[in-house]
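Visitor: Following this message is one structure expressed as structure tokens.
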Amino acid sequence: MFSRLFARTNWKLEREAEVSLNYQDLSNPSQSDFQSCNAVSGRGNRSTHLFKPSLNTHTIYKRSNIMSNQKISSLNISSRATRALIEIEACAKSAADSGREFLNLCDMEAYKRFLHVMYHYTLESGKKCSTAAKNINAPDVKELFLHFDEEEALHFRLALKDIQAFGEVPSEEVPDTVEAIDNLWTSLEGRHHNGYLGMLYVYENIAKYVQQDVEDCIKRLGLGSTEKRWLTAHAKEDLEHGQVIMDMLKKHIEDNPTIAVSAAKQASALWSTMMLDIIDEGYQKLPLAA
Numbered sequence: 044m045f046s047r048l049f050a051r052t053n054w055k056l057e058r059e060a061e062v063s064l065n066y067q068d069l070s071n072p073s074q075s076d077f078q079s080c081n082a083v084s085g086r087g088n089r090s091t092h093l094f095k096p097s098l099n100t101h102t103i104y105k106r107s108n109i110m111s112n113q114k115i116s117s118l119n120i121s122s123r124a125t126r127a128l129i130e131i132e133a134c135a136k137s138a139a140d141s142g143r144e145f146l147n148l149c150d151m152e153a154y155k156r157f158l159h160v161m162y163h164y165t166l167e168s169g170k171k172c173s174t175a176a177k178n179i180n181a182p183d184v185k186e187l188f189l190h191f192d193e194e195e196a197l198h199f200r201l202a203l204k205d206i207q208a209f210g211e212v213p214s215e216e217v218p219d220t221v222e223a224i225d226n227l228w229t230s231l232e233g234r235h236h237n238g239y240l241g242m243l244y245v246y247e248n249i250a251k252y253v254q255q256d257v258e259d260c261i262k263r264l265g266l267g268s269t270e271k272r273w274l275t276a277h278a279k280e281d282l283e284h285g286q287v288i289m290d291m292l293k294k295h296i297e298d299n300p301t302i303a304v305s306a307a308k309q310a311s312a313l314w315s316t317m318m319l320d321i322i323d324e325g326y327q328k329l330p331l332a333a
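Numbering (this note's numbering), first residue to last: 44 to 333.
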């Protein structure tokens with residue numbers, strides 16, 4: 044694929060922008076945190092054309108499945124908090140654009156690599172939610188994460204069964220991008236719980252934007268019922284989780300909107316990089332910039 048040659052050629056510049064993220068002090072983000080989510084990941088200027096620029100944030104807000112029946116002015120929150128919700132939705136849309144490109148481009152081998160990455164991505168999901176709950180003081184948010192602990196704990200088994208259906212075993216090495224996502228989650232410990240909510244909102248709301256793409260990918264690859272369990276079951280549950288997290292964010296966003304936006308932007312950038320790493324087998328094996 045010609046675009047992959049560009050991805051390799053521009054490795055140093057892209058890798059610095061997408062993976063080598065320095066986890067800033069999310070409790071005191073800079074004014075630039077309220078720039079578009081694509082500016083964080085560098086997707087808007089991407090020469091490979093693997094990822095399309097997101098729509099402007101006001102359009103994204105209006106088209107959101109969750110907030111489609113609400114106008115910005117109808118929310119009983121400050122303009123600063125409203126802007127934060129718009130930015131977070133933009134981050135979810137940007138991450139979904141990356142997922143859509145993967146679903147449209149992947150072949151069977153790339154899909155198998157996807158399953159291995161998702162296995163590692165979800166392996167500790169329950170534990171991470173449980174750990175987060177211990178650090179959260181707000182009773183309703185704590186209860187939510189304890190509930191997620193129960194539901195997320197076994198998601199890795201879906202990927203495991205799909206991998207086994209192909210006669211393979213999960214890879215032992217944890218992908219760099221999965222480690223980076225784990226590090227971002229860890230960096231939120233001891234900080235305001237809106238950081239967790241902002242990060243989770245991005246990951247749990249990708250599914251609502253790519254439902255048709257998932258169906259098309261399954262049909263194009265000819266995936267059987269034993270080879271698509273993670274993709275279908277996980278996506279369905281994410282639709283429910285996304286709604287719950289948005290409701291919680293709307294309730295707590297006024298308390299600390301900036302940390303929610305910061306976490307969401309970094310989460311979106313990491314997801315986009317993870318999708319690119321999967322579609323291009325050798326991408327993350329190339330040397331980092333000096």
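Beta carbons: idealized from backbone N, C-alpha and C, even for Gly.
#1: Quick one: what's got a C-beta closer than 6 Å to Ser63's C-beta in the same chain, skipping five residues either side?
#2: How many Å lie between Glu215 and Asn119 at the Cα?
#3: With the cut-off set at 8 Å, would you say Leu128 and Leu292 are in Cβ contact?
#4: For Pro300, count neighbouring Cβ atoms within 10 angstroms of its own Cβ and tell me buried if that reaches 16, exposed if not.
#5: Determine the contact status of Val253 and Leu274, defining contact as a CB-CB distance below 8 Å.
#6: Cα separation between Arg156 and Trp314?
#7: How far does the alpha helix (DSSP H) with Tyr246 in it reach, from first residue to last?
#8: Taking Leu158 as the reference, which of Thr229, Leu187, Gln255, Leu266 has the closest Cα?
#9: Pick helix, strand or coil for Thr229, following the three-state DSSP scheme.
#10: Tell me the rounded alpha-carbon separation between Met161 and Phe199.
#11: Which of the three DSSP states is assigned to Pro213 in this structure?
#12: Go ahead and pull the three-state DSSP assignment for Thr174.
#13: Quick one: any contact between the region 201-212 and the region 281-289, if contact means 3 or more CB pairs under 8 Å?
#14: Indicate the three-state DSSP secondary structure (helix, strand or coil) for Gly267 in the structure shown.
Guide: Once the coordinates are examined:
#1: Below a pLDDT of 50, predicted positions are generally treated as unreliable, and Ser63, at 33, falls in that range; the measurement from the model is reported next regardless. Correct list: empty, nothing qualifies.
#2: 48 Å
#3: yes
#4: buried
#5: no
#6: 15 Å
#7: 237-247
#8: Leu266
#9: helix
#10: 7 Å
#11: coil
#12: helix
#13: no
#14: coil
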